[in-house]
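Enquirer: Quick note: the sequence shown, position 102, residue 530 per the working numbering, numbers continuous.
Where is the CB? At the ideal position from N, CA and C, for every residue including glycine.
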Amino acid sequence: MYLNIRLVSLFCGVVLLWQFSTSTANSSVTSTTDNSIAGYGFEVMMAKLDYLQYKLYEIELGLKERDEEVKEKLTKLEDSIDGIQWAIHRHDRDAGHNLTSLNAQSRKILAQQTACADHEQMRKEIAQLASKSNATSYMQWFTIQTSSNSLVKGLLKSCKEVPENKSGVYSIQLSEMDLPFDAFCEQNSFGGGWLVIQYRYDGSLDFYRNWTEYQKGFGSLHREFWIGLDKIHRLTSRRPHELMVEIKDFSGSYAYAHYNNFTIGNEFEQYVLKNFGEYDGTAGDGLKHDIGGKFSTFDKNNYGSTNCASTYKGAWWFKTCHYANLNGGGRKKNLPQTISSCCGLKRKTATKLLYSFDLMTPTVGRLQTV
């Protein structure tokens, strides 16, 4: 009996121990499972956060690109507006010039009609006299008068006096005390009446010249040329002149700079750049930085310790080395020089320069603010 009780007690103890072990094992498995689930959830959440961060970066990058595109379009729009405004301004000014020219032509026609009537009357009177004298003497006298009148009409005080809207070479005599010189008159741009002082368009003429050549001028008036500092001084010292600079690069971009009071000094003053007046245009006001600068060539440096003319292979009124160098070298398309480093005006963008066209015309009556 006593033995049976001990066996039952031992059996109950084994059962209780087995239940405790089972419960402990189940608790361990449950804890491990919970930890695994929690770790997996954390990894999923971190992956989602990484994805959101990547999308935010992608959106930020896209916004920056859109901002740059908008800025670029605004810049192009501003340039287009400037071009349109200039075209409108040029059209209005050309219309005014054309109206003035039309009135002048009308007066000339009226004067010619009056002169023709007077000449007809004079011919009749001379014919009556000729019948009473030597007809041969009369014909000689008439030929001399006709030749003299043609000679006078061939000399103009400025390109504004060109009788027709035809660009070409004309003889200019500023006054009876001045020797005449040939100049190219541009009659088709900006209302006409412009005297061309420099023209470059294909690089066929070397502008890396000495002082004497820039003083006297070089090249052909029918191709590329520089008219000469002596002539520019004579022109600008007699009366105020407007200056128009046109430039174009190999990509086709066109720009201009207009000044209403261009003046330079004489040879004793080293042809110092005295004034430009007020500026308008699209090329940038780079020329103003050279006001007060003396003209320099590679063999006559008036700039200072640095020979800008030699460095940039040209000649100019260097006061800063340099903001403008329209006579600079290296104008070929395949060369690396740019407008700012080679031969143009410093602008917003610097590209290779194809041509430059510098014109002068006397101001009408007083200085014009165009």
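Identify which residue in Ala752, Tyr682, Phe746 has its Cα closest to the Cα of Thr710.
Expert: Residue 710 sits at position 282 when you count from the first residue of the sequence shown. Cα-wise, what sits closest to Thr710 is Tyr682.
Enquirer: My output table needs one value for Tyr751: the three-state DSSP class, helix, strand or coil.
Expert: Position 323 of the sequence shown, counted from the first residue, corresponds to residue 751. Tyr751 falls in the coil class under three-state DSSP.
Enquirer: Pick from Ile719, Glu706, Tyr699, Lys716: whose alpha carbon is nearest that of Lys728?
Expert: Counting from one through the sequence shown, the residue named residue 728 turns up at place 300. Here the closest residue by C-alpha is Tyr699.
Enquirer: Would you say the stretch 601-614 touches the stretch 628-635, given that touching needs at least three Cβ pairs under 8 Å?
Expert: They do not touch, by the three-pair rule.
Enquirer: Please give me, in chain order, every unbroken run of the beta strand (DSSP E) with length at least 3 that falls completely inside the stretch 590-669.
Expert: The qualifying runs are 596-600, 609-614, 622-628.
Enquirer: Compute the Euclidean distance between the alpha carbons of Leu477 and Tyr468, then round it to the nearest angstrom.
Expert: Taking the sequence shown and counting its residues from 1, one reaches residue 477 at position 49. Taking the sequence shown and counting its residues from 1, one reaches residue 468 at position 40. About 14 Å.
Enquirer: Which runs of the alpha helix (DSSP H), 4 residues or longer, sit entirely within the stretch 487-527?
Expert: Complete alpha helix (DSSP H) runs here, min 4: none at all.
Enquirer: How should Met788 be labelled, buried or exposed, when 16 other C-beta atoms within 10 angstroms of its C-beta is the threshold for buried?
Expert: For this step, residue 788 is matched to residue 360 along the sequence shown. That one is buried.
Enquirer: Taking a contact to mean a Cβ-Cβ separation below 8 Å, would you say Met672 touches His686 in this structure?
Expert: In the sequence shown, residue 672 corresponds to position 244, counting from 1. In the sequence shown, residue 686 corresponds to position 258, counting from 1. Yes.
Enquirer: Leaving out five residues on either side along the sequence, give the residues of the same chain with a beta carbon under 8 Å from the beta carbon of Leu431.
Expert: In the sequence shown, residue 431 corresponds to position 3, counting from 1. Here the model assigns Leu431 a pLDDT of 49, short of 50, so the residue's position is not dependable, and the following value carries that caveat. Counting only Cβ-Cβ distances below 8 Å, and skipping sequence neighbours, we find nothing.
Enquirer: Helix or strand or just coil, what does DSSP make of Lys476?
Expert: If you number the sequence shown from 1, residue 476 lands on position 48. It is helical.
Enquirer: Can you have a look at Thr571 and say buried or exposed, based on whether 16 or more other CB atoms are within 10 angstroms of its CB?
Expert: Along the sequence shown, one-based indexing puts residue 571 at 143. Bear in mind that the predicted position of Thr571 carries a pLDDT of just 36, short of 50, making it unreliable; the figure below should be weighed with that in mind. So Thr571 counts as exposed.
Enquirer: Buried or exposed, going by whether 16 or more other CB atoms sit within 10 Å of the CB of His718?
Expert: What you label residue 718 is simply residue 290 of the sequence shown in a count that begins at 1. Sequence check: residue 718 is Asp here, not His. By the 10 Å Cβ count, Asp718 comes out buried.
Enquirer: Only counting the same chain, and skipping five residues up and downstream in sequence, which positions put a Cβ closer than 6 Å to that of Thr799?
Expert: A question about residue 799 goes unanswered here, because the residues of the chain that appear run from 429 up to 798.
Enquirer: Quick one: residues in its chain with C-beta nearer than 8 Å to the C-beta of Lys585, no 5 flanking neighbours on either side, listed in chain order?
Expert: Reading the sequence shown from its first residue, position 157 is the one you call residue 585. So the list reads Ile600, Gln601, Leu602, Ser603, once near-sequence residues are dropped.
Enquirer: Looking at the strands, I want to know which residues DSSP matches up with Thr691.
Expert: The count along the sequence shown starts at 1 and reaches residue 691 at position 263. DSSP, once it has assigned bridges, lists Asn703 as partnering Thr691.
Enquirer: Thinking C-alpha only, which one of Ile516, Asp634, Asn593 is nearest Asn755?
Expert: Indexing the sequence shown from 1 puts residue 755 at position 327. Of Ile516, Asp634, Asn593, the residue nearest in Cα terms is Asp634.
Enquirer: Per the DSSP calculation, Ser724 is bridged to which residue(s)?
Expert: Here residue 724 is taken as the residue at index 296 of the sequence shown, counted from 1. Beta-bridge pairing links Ser724 to Trp744.
Enquirer: Report the partner residues of Leu538 according to the DSSP bridge assignment.
Expert: Locating residue 538 in the sequence shown gives position 110, counting from the first residue. Answer is none; Leu538 lacks a bridge partner.
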